[in-house]
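When we follow my numbering, the leftmost residue of the sequence shown carries the number -16, and every step to the right adds one.
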Amino acid sequence: MGNFNWQTEEDSDVWEEQEAPPAPPSKRRRWVIWLLMIGFVALSIGSIYLIYRQINQRVAEAVKTTESAVLTSHELVIDAAMLTDRELFTNLLSGRDLNWTSAQLRLLQSHMLFNRPHMGLQTVNMRGQRPQISLSPDLTQAIITRTVTYEQLDGGGEVELAQVAVYRQGEDRWLLSPLVSPESEWGFRDSFEGRFISASFPVPDAELALQVARDLDRTVGAVCSGFFDVTCPIELHYNIDFTTDPGSLIDITLAAQEPLSQSPEPAAFNNFSFPTPTLIGLPIDENGYNALYRGYARVLAQDLMRESLQTYWAAFPELQPYSLSQHLQTLDIGLTIPVTDTTKPLTALLAQDLIALCMTDEGIDLARYEPATDRLTSILSERVF
-16 MGNFNWQTEE
-6 DSDVWEEQEA
4 PPAPPSKRRR
14 WVIWLLMIGF
24 VALSIGSIYL
34 IYRQINQRVA
44 EAVKTTESAV
54 LTSHELVIDA
64 AMLTDRELFT
74 NLLSGRDLNW
84 TSAQLRLLQS
94 HMLFNRPHMG
104 LQTVNMRGQR
114 PQISLSPDLT
124 QAIITRTVTY
134 EQLDGGGEVE
144 LAQVAVYRQG
154 EDRWLLSPLV
164 SPESEWGFRD
174 SFEGRFISAS
184 FPVPDAELAL
194 QVARDLDRTV
204 GAVCSGFFDV
214 TCPIELHYNI
224 DFTTDPGSLI
234 DITLAAQEPL
244 SQSPEPAAFN
254 NFSFPTPTLI
264 GLPIDENGYN
274 ALYRGYARVL
284 AQDLMRESLQ
294 TYWAAFPELQ
304 PYSLSQHLQT
314 LDIGLTIPVT
324 DTTKPLTALL
334 AQDLIALCMT
344 DEGIDLARYE
354 PATDRLTSIL
364 SERVF
């Protein structure tokens, strides 16, 4: 028989040692870990806040420095306008668009950078209020909006308009620049279709230009239906383009000052290029809007009535401007500059009979005034209607 080495589990000298479970961390250790984590988070937040604050301070300083530089250029532009200083003004102009630059120089020489002769407005105070400056995110473009106070030369009191100017960063100074740029909304257009008028205008001026276009449409209707010596073509229609070209300020001024100087061929369709409201100045209140609207309406109404008045009063050409003036006053869009002490004649009238033009609701008449007897006698055989 073989030998067996019989062993039971109890006889085995080898025992498997069981690992004891890890002891849970003490409460004190857990609190240390939490405090370290909270401290780390607080330190991180504090560091981020300090960095953020430093960045904000640097941005604020950069904005403040930029605004100061922009305002300096703007104040120099005002100085150039007041002194008609062509050399100073040229150094402050952007050379991006030569046509725009040329138009700005023409405005300077014509004293129309801020004055608005076609509206009968003369600047009173260009520095009465501090301007608002809006900077682009990259601090390379600025828009200045400044309220300018005007005097109405017809005695209508003061009017305020907000003048808007765009400046872009040049090599060593900020330069007055065109409204239109590749990154602006001025290149986008909106439109209006009325009974007598079709209008196109830049999107930034859409709300105001739309109101003006609607009022002009009503004005054309009033002209065509309100006067005995004005006849409108059946297919009358005006196409008005509200443009950002500063040269349009000169064009509308010339048109307003010479209402009967041209004799265009009869046409049923007429094109006008008017300065967009921002070029003229944005109204602050109702008085400002009325001045803005009347400036447009006067030129449009003069053009509309010109041919009719020249035809109707062909035998009495001297009556044409008087009839036109009367009609404009009736429409509340006339502009009459009162006679002042500086414009009164230096000598008194002679003691002689005078021929007077009388315009009443009943028509137009010529009368003789005799100073000696203080009598006014009609000299026309019949009243002209």
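Heads up, the beta-carbon is just placed ideally off N, CA and C, and yes, glycines get one too.
Given a cut-off of 9 angstroms on the beta-carbon distance, is the pair residue i and residue j in contact?
{"i": "A238", "j": "V203", "result": "no"}
{"i": "H310", "j": "F179", "result": "no"}
{"i": "Q369", "j": "S164", "result": "This structure does not reach residue 369, given that the chain is present from -16 up to 368, and the question cannot be answered."}
{"i": "Y133", "j": "Q105", "result": "yes"}
{"i": "V195", "j": "Y295", "result": "no"}
{"i": "L232", "j": "L191", "result": "no"}
{"i": "F97", "j": "Q87", "result": "no"}
{"i": "L159", "j": "L75", "result": "yes"}
{"i": "T49", "j": "L118", "result": "yes"}
{"i": "L99", "j": "G264", "result": "The sequence given here places Arg at residue 99; Leu does not occur at that position. Yes, the Cβ-Cβ distance between R99 and G264 is below 9 angstroms."}
I need the straight-line Cα distance from residue i to residue j, nearest angstrom please.
{"i": "E176", "j": "A182", "result": "7 angstroms"}
{"i": "A145", "j": "L219", "result": "34 angstroms"}
{"i": "P216", "j": "E290", "result": "11 angstroms"}
{"i": "S308", "j": "L302", "result": "10 angstroms"}
{"i": "G230", "j": "R69", "result": "17 angstroms"}
{"i": "I16", "j": "G22", "result": "10 angstroms"}
{"i": "P247", "j": "T227", "result": "The predicted model places P247 with a pLDDT of 44, which falls under 50 and marks its position as unreliable; any figure quoted below should be read in that light. One C-alpha to the other measures close to 26 angstroms."}
{"i": "E44", "j": "L314", "result": "54 angstroms"}
{"i": "Y279", "j": "I31", "result": "57 angstroms"}
{"i": "E143", "j": "P304", "result": "30 angstroms"}
{"i": "D137", "j": "I61", "result": "25 angstroms"}
{"i": "P120", "j": "S167", "result": "13 angstroms"}
{"i": "D200", "j": "A63", "result": "39 angstroms"}
{"i": "G170", "j": "I126", "result": "16 angstroms"}
{"i": "H94", "j": "T236", "result": "12 angstroms"}
{"i": "L193", "j": "I267", "result": "17 angstroms"}
{"i": "L162", "j": "I28", "result": "44 angstroms"}
{"i": "V206", "j": "G103", "result": "22 angstroms"}
{"i": "A189", "j": "S174", "result": "8 angstroms"}
{"i": "F257", "j": "N222", "result": "10 angstroms"}
{"i": "V107", "j": "L292", "result": "36 angstroms"}
{"i": "S56", "j": "V147", "result": "14 angstroms"}
{"i": "N82", "j": "E141", "result": "33 angstroms"}
{"i": "Q312", "j": "L318", "result": "8 angstroms"}
{"i": "L122", "j": "S208", "result": "54 angstroms"}
{"i": "E154", "j": "L91", "result": "24 angstroms"}
{"i": "R89", "j": "V131", "result": "21 angstroms"}
{"i": "V393", "j": "V149", "result": "The question about residue 393 has no answer, for the chain in this structure spans -16 to 368."}
{"i": "S85", "j": "L26", "result": "60 angstroms"}
{"i": "E241", "j": "D80", "result": "30 angstroms"}
{"i": "E269", "j": "L59", "result": "31 angstroms"}
{"i": "M20", "j": "I34", "result": "21 angstroms"}
{"i": "D234", "j": "F255", "result": "10 angstroms"}
{"i": "S306", "j": "I316", "result": "14 angstroms"}
{"i": "R129", "j": "H101", "result": "21 angstroms"}
In the DSSP output, what is residue i paired with across the bridge?
{"i": "D62", "result": "Partner(s): none; D62 has no beta bridge."}
{"i": "Y133", "result": "T106 and V142"}
{"i": "I127", "result": "I116 and A148"}
{"i": "D180", "result": "Residue identity differs from the one stated: residue 180 is Ile in this sequence, not Asp. According to DSSP, which records beta bridges pairwise, I180 is partnered with Y221."}
{"i": "D121", "result": "In the DSSP output, where bridge partners are listed per residue, D121 has none listed."}
{"i": "R69", "result": "Bridge partners of R69: none, in fact."}
{"i": "D173", "result": "F184"}
{"i": "L369", "result": "A query on residue 369 cannot be resolved here, the shown segment of the chain reaching from -16 to 368 and no further."}
{"i": "T226", "result": "P258"}
{"i": "R99", "result": "L104"}
Assuming residue i and residue j are in contact, meaning their beta carbons sit under 8 angstroms apart, how far apart are those beta carbons, in whole angstroms?
{"i": "A52", "j": "W157", "result": "6 angstroms"}
{"i": "R172", "j": "P187", "result": "Not confirmed; about 11 angstroms, so no contact."}
{"i": "M288", "j": "V213", "result": "5 angstroms"}
{"i": "R151", "j": "S77", "result": "6 angstroms"}
{"i": "D286", "j": "N253", "result": "7 angstroms"}
{"i": "Q135", "j": "A284", "result": "At roughly 19 angstroms, the Cβ-Cβ gap does not stay under 8 angstroms, so Q135 and A284 are not in contact."}
Enumerate, from N- to C-terminal direction, the unbroken beta strand (DSSP E) stretches of 3 or more residues contained entirely within the stretch 240 to 320. The DSSP assignment places complete beta strand (DSSP E) segments of no fewer than 3 residues inside the stretch 240 to 320 at 252 to 258, in order along the chain.
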